[in-house]
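Per my numbering, the very first residue in the sequence shown carries number 185; after that it's consecutive.
First the structure, in the form of structure tokens, and then the observations on it.
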Amino acid sequence: MGRRVGVADDADDRFLRLFEDLEAQASGRDLHERLGEFSDLVAGEAADHALADRLAGAVGHRIVVSTAGVRFAGRLETAAQTWVLVALDGGGEVLVSAAHIDDVRVESCSHAQPQEKLSIASPLRRWRAEQIPCAVATTSAAGGVRTVVGRLDLVAEDYVEITESSGRDSARSPVGAPGGGLLVPIPAIAYVRPEKRML
């Protein structure tokens, strides 16, 4: 009779292990399903955000941004819908047009609504008022990059007028009248770096 008890115990153990295995499989399927739902939620949430939202969530964090073949690293000071302002690691700052960002690396995964509603012309007007010389990098339709260094004489709705520091007067009017500076369309501007050391 002891033998039958052993067989029954052995069968009970096997059934117990079978039920534990089935329970573990069901638990694993549930976890896998929840993880799939989570990734779907993350993907759905990400679909509702733009680059400007991601950058706005990174204000105050370290950022590395590439534009017009140049890489800038520093702390993101301001993120607007169409531009970012970065306090550079080596000192100074750079204004980057969002339309000309090649790639960007941020430490933060947050998203936020950009607090700055003004256009890229706003910081340009500030530097113009302070008469700070700026390096203005523009991209051409052919893909080339050109940097002009000078003072921003005028910041209009869709262009800036620059008096070049290099002494070139090719864009000046024949009589040297005001308004003879180099006109640069704002949409062509990739980045602007104030050159305070030139003051």
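We put the beta carbon where it would ideally sit given N, CA and C, even for glycine.
Treat the numbers as computed from the prediction; the structure is a model and nothing was measured.
Fill in: Identity of the residues DSSP links to Gly258 by a beta bridge
Bridge partners of Gly258: Ile247 and Leu272.
Item to complete: Return the chain-ordered list of same chain residues with a C-beta closer than 6 Å to the C-beta of Glu345, the five sequence neighbours on each side being excluded.
Response: Same-chain partners within the cutoff: Asp337, Leu338, Gly365 and Leu367.
Worksheet item: Residue range of the beta strand (DSSP E) that Arg289 falls in?
Response: First-last of the beta strand (DSSP E) with Arg289: Ile285 to Val290.
Worksheet entry | Cβ-Cβ separation, Val248 to Arg398 (assumed contact under 8 Å), whole Å | The chain is shown from 185 up to 383; residue 398 falls before or after that span and cannot be answered.
Discussion item. Less than 8 Å between the C-beta atoms of Leu279 and Ile304, yes or no?
Written reply: Yes, these two residues count as a Cβ contact at 8 Å.
Discussion item. If we require 3 or more residues per run, which beta strand (DSSP E) segments fall completely within the segment 297-323?
Written reply: Runs of the beta strand (DSSP E) spanning 3 or more residues and lying entirely within the segment 297-323 occur at 318-323, in chain order.
Fill in: The alpha helix (DSSP H) enclosing Ala374, as first and last residue numbers
First-last for Ala374: Ile373 to Pro378, but that is the beta strand (DSSP E), not the alpha helix (DSSP H).
Practice prompt. Enumerate in chain order the residues of its own chain whose CB-to-CB distance from Thr262 is below 6 Å, with the five nearest sequence positions on each side excluded.
Written response: Excluding positions up to five away in sequence, the list reads Leu269 and Glu300.
Discussion item. Considering only their Cβ atoms, is the gap separating Glu314 from Gly334 smaller than 8 Å?
Written reply: No. Outside cutoff.
Practice prompt. Can you give me the start and stop residues for the alpha helix (DSSP H) that Asp237 sits inside?
Written response: Element bounds for Asp237: Leu235 to Ala240.
Discussion item. Quick check: the Cα distance between Ala236 and Phe199, rounded to an integer number of angstroms?
Written reply: Spanning the two alpha carbons is a distance of roughly 58 Å.
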